[in-house]
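Residue numbers (the numbering used here): 1 to 107. By construction, the Cβ of each residue, glycine as well, lies at the ideal position given by its N, Cα and C atoms.
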């Protein structure tokens, strides 16, 4: 995936990038190429986790996320965008995804 080469962040953490992609998807920032790659991964994800559905359904099920998780993520994104704006800085979708995953989804 295009953003997977961020140093050592993903070494030994196979789900980390997929979780970030889930967050990016929820906020409308997931690129078409990454979406396509994730769709291609769906058969392997279904088999690995013995879960039906699209990649985002599998992630939600495996992580036991609440049904309204995408809305919760979008709300948090909006709040953080406002905070960044107040501080005259820019918060990218990737920065938000990494922080959100680190603070809420990663072990």
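Inset, instruction - Quick one: using the 10 Å Cβ neighbour count with 16 as the cut-off for buried, is residue 49 buried or exposed? - result: Exposed, since its Cβ has fewer than 16 Cβ neighbours within 10 Å.
Legend entry - Beta-carbon proximity list for residue 57, same chain, < 8 Å, skipping 5 on both sides: Cβ neighbours of residue 57 beyond the five flanking positions: 51.
Legend entry - Straight-line Cα distance separating residue 10 from residue 39: The alpha-carbon atoms of residue 39 and residue 10 are separated by roughly 20 Å.
Inset, instruction - For residue 94, I'd like the list of residues in its chain whose CB is within less than 8 Å of its CB, leaving aside the five on either flank, ordered along the chain. - result: Residues 3, 20, 24 and 29 of the same chain have their beta carbon placed closer than 8 Å to that of residue 94, with the five preceding and five following residues left out of the count.
Legend entry - Residue of 59, 74 and 32 minimising C-alpha distance to residue 42: The option with the nearest alpha carbon to residue 42 is 59.
Inset, instruction - Assign residue 5 to buried or exposed, taking buried as 16 or more other Cβ atoms, counted over all protein chains shown, within 10 Å of its Cβ. - result: With a pLDDT of only 46 at residue 5, under 50, the local geometry of the prediction cannot be trusted, and the value read off the model is given with reservation. With fewer than 16 other Cβ atoms within 10 Å, it is exposed.
Legend entry - residue 27 vs residue 97 beta-carbon contact at 9 Å: It is a contact, given that the beta carbons lie within the stated cut-off.
Legend entry - N-terminal and C-terminal residue of the alpha helix (DSSP H) that residue 102 is part of: Residue 102 -> alpha helix (DSSP H) spans 93–104.
Inset, instruction - Measure the Cβ-Cβ separation of residue 106 and residue 16 and say whether it is below 9 Å. - result: Cβ distance < 9 Å, so residue 106 and residue 16 count as in contact.
Inset, instruction - Go ahead and label residue 34 buried or exposed: buried means 16 or more other beta carbons lie within 10 angstroms of its beta carbon, across all protein chains shown. - result: Looking at its Cβ environment, which holds 16 or more other Cβ atoms inside 10 Å, residue 34 is buried.
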